[in-house]
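**Student:**
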């Protein structure tokens, strides 16, 4: 391609960026609600007669909200957030569906295996998020641990694993609620009110200049020609 043609092509190409709210508070709030509800079942706060309703709650409340958060995470150009919330949503969908169709108190080795896979997959966005947002990385790591413990109960059927998963679920609920509040305040106030433990690249995304944010945008998926 001639230099004149190249300059003409560059002059015609434009990338439009649309401001949007951060999807992380929605995804983490839904996570908190889901893990708290399942923890109540695992710690016997909820009678066995409510078993199927727990599954229905996960399918109708938690999963749709995390699916929405996942889509906007990718649209906001944060693949780690989009991937992490998507895997969480898939895990809760599996838990909700198996709970809804199974008998009260019944364990499922198949669910245990898929939760091991989901927990292991969550380690990927956990690691990548650690380069920019340590708080988001901690939530994903805690979710992975919660899925591992739930998987152990589904595979072994031990009451010890069940209670451990429930306690981990409560801790995760508190952490996820804090993260939802911290990122929501940060997004609405345009400043860090509660610590979100951003690394240098994460702080640059919040306080850096526009030119620094879009310098290499032509190399991002959706702009470059080949993924």
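Numbering (my numbering), first residue to last: 1 to 227. Beta carbons: idealized from backbone N, C-alpha and C, even for Gly.
With respect to the alpha helix (DSSP H) encompassing residue 45, which residues constitute its N-terminal and C-terminal limits?
**Tutor:** Here residue 45 belongs to no alpha helix (DSSP H), and DSSP marks it neither H nor E.
**Student:** Tell me the DSSP bridge mates of residue 162?
**Tutor:** None, per the DSSP bridge assignment.
**Student:** Which runs of the alpha helix (DSSP H) spanning at least 4 residues fall entirely within the region 72-104, listed in chain order?
**Tutor:** Complete alpha helix (DSSP H) runs here, min 4: 79-101.
**Student:** Let's see if you can read the secondary structure: which residues bound the alpha helix (DSSP H) around residue 193?
**Tutor:** No alpha helix (DSSP H) holds residue 193; DSSP gives it neither H nor E.
**Student:** Please name the residue, chosen from 180, 112, 78 and 158, that lies closest to residue 132 on a Cα-to-Cα basis.
**Tutor:** Nearest option by C-alpha distance: 78.
**Student:** To which residues of the same chain is residue 97 closer than 7 Å at the C-beta, ignoring the five residues directly before and after it?
**Tutor:** Result list for residue 97: 55 and 59, in chain order.
**Student:** How big is the Cα-Cα spacing for residue 109 and residue 128?
**Tutor:** Near 30 Å, if we compare the C-alpha coordinates of residue 128 and residue 109.
**Student:** If distances are taken between C-alpha atoms only, which option among 115, 140 and 64 comes closest to residue 124?
**Tutor:** Answer by Cα proximity: 140.
**Student:** With a threshold of 8 Å on Cβ separation, who are the neighbours of residue 68 within its own chain once the five nearest residues in sequence on each side are excluded?
**Tutor:** Cβ within range, chain order: 23 and 26.
**Student:** Less than 9 Å between the C-beta atoms of residue 74 and residue 33, yes or no?
**Tutor:** Cβ atoms of residue 74 and residue 33: not closer than 9 Å.
**Student:** Can you round the beta-carbon distance between residue 155 and residue 112 to whole angstroms, since I take them to be within the 8 Å contact cut?
**Tutor:** Between residue 112 and residue 155 the Cβ distance is about 4 Å, and since that is below 8 Å, they are a contact.
**Student:** Going by the CB atoms, is the gap between residue 72 and residue 21 shorter than 9 Å?
**Tutor:** Yes; because the gap between Cβ atoms is below 9 Å, this pair is in contact.
**Student:** Quick one, which of 119, 194, 193 and 42 has its alpha-carbon nearest residue 159's?
**Tutor:** The option with the nearest alpha carbon to residue 159 is 42.
**Student:** Considering Cα atoms alone, identify which of 82, 81, 84 and 116 is closest to residue 95.
**Tutor:** Comparing Cα-Cα distances from residue 95 to each of 82, 81, 84 and 116, the minimum goes to 116.
**Student:** What residues in its chain sit with their C-beta under 8 Å from that of residue 93, if we drop five residues either side in the sequence?
**Tutor:** Counting only Cβ-Cβ distances below 8 Å, and skipping sequence neighbours, we find 58, 59 and 63.
**Student:** Of all the options 198, 146, 81 and 143, which has the alpha carbon lying nearest to the alpha carbon of residue 134?
**Tutor:** Nearest C-alpha to residue 134: 198.
**Student:** Let me confirm a value: residue 105 is counted as buried when at least 16 other C-beta atoms fall within 10 Å, else exposed. Which label applies?
**Tutor:** Residue 105 comes out exposed.
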